[in-house]
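> Handing you a structure now.
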Amino acid sequence: TTDKNQKYVINFRLKDLETRLAPDKFIRLSRGALVNLEMISRVSPMPGGTYLIALKNGQEIASSRLQSRVLRDKLLKL
33 TTDKNQKYVI NFRLKDLETR LAPDKFIRLS RGALVNLEMI SRVSPMPGGT YLIALKNGQE
93 IASSRLQSRV LRDKLLKL
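What the sequence shown shows, in the numbering used here, is residues 33 to 110, in sequence order.
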């Protein structure tokens, strides 16, 4: 989903798409979510060491526990 809530169908697995995108601008939040860091508006801690990520388009995505560590490290470097 884009910032204007448009949806596009792609014929790539997220893993393949992730390798094509700039690693400093995109982050994998879970098996089913790949997010542009510039679209994150809020990060809220959740039980179990995960985060709830609010995007600028109003969507909310829960991060996996493993990816929560990666997210925290990336955000600290910004």
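Here a beta-carbon is modelled for each residue, glycine too, at the ideal position from N, C-alpha and C.
1. Give the straight-line distance between the Cα atoms of D48 and N37, rounded to the nearest whole angstrom.
2. Let me check one thing: in DSSP terms, what residues is R60 bridge-paired to?
3. Between which residues of its own chain and K57 is the CB-CB distance below 8 Å, once the five residues before and five after are set aside?
4. Are there 16 or more other CB atoms within 10 angstroms of the CB of T82, so buried, or fewer, so exposed?
5. Quick check: what's the CA-CA separation for D105 versus P77?
6. Pull the bridge partners of E92 from the DSSP assignment, please.
7. Only counting the same chain, and skipping five residues up and downstream in sequence, which positions put a Cβ closer than 7 Å to that of R97?
Put simply:
1. Here residue 48 refers to the residue found at position 16 when the sequence shown is read from its first residue. Here residue 37 refers to the residue found at position 5 when the sequence shown is read from its first residue. Looking at the two C-alpha atoms, the distance is approximately 23 Å.
2. Position 28 of the sequence shown, counting from 1, holds the residue named residue 60. Paired residue(s): L66.
3. Numbered from 1 along the sequence shown, position 25 holds the residue referred to as residue 57. Once the five neighbours on either side are set aside, the close Cβ partners of K57 are N68, L69 and E70.
4. Within the sequence shown, the letter at position 50 stands for residue 82. With 16 or more Cβ atoms within 10 Å of its Cβ, T82 is classed as buried.
5. For this step, residue 105 is matched to residue 73 along the sequence shown. For this step, residue 77 is matched to residue 45 along the sequence shown. So the alpha carbons of these two residues sit roughly 14 Å apart.
6. Position 60 of the sequence shown, counting from 1, holds the residue named residue 92. E92 is bridged to A86.
7. The residue you call residue 97 lines up with position 65 of the sequence shown. Result list for R97: G80, G81 and T82, in chain order.
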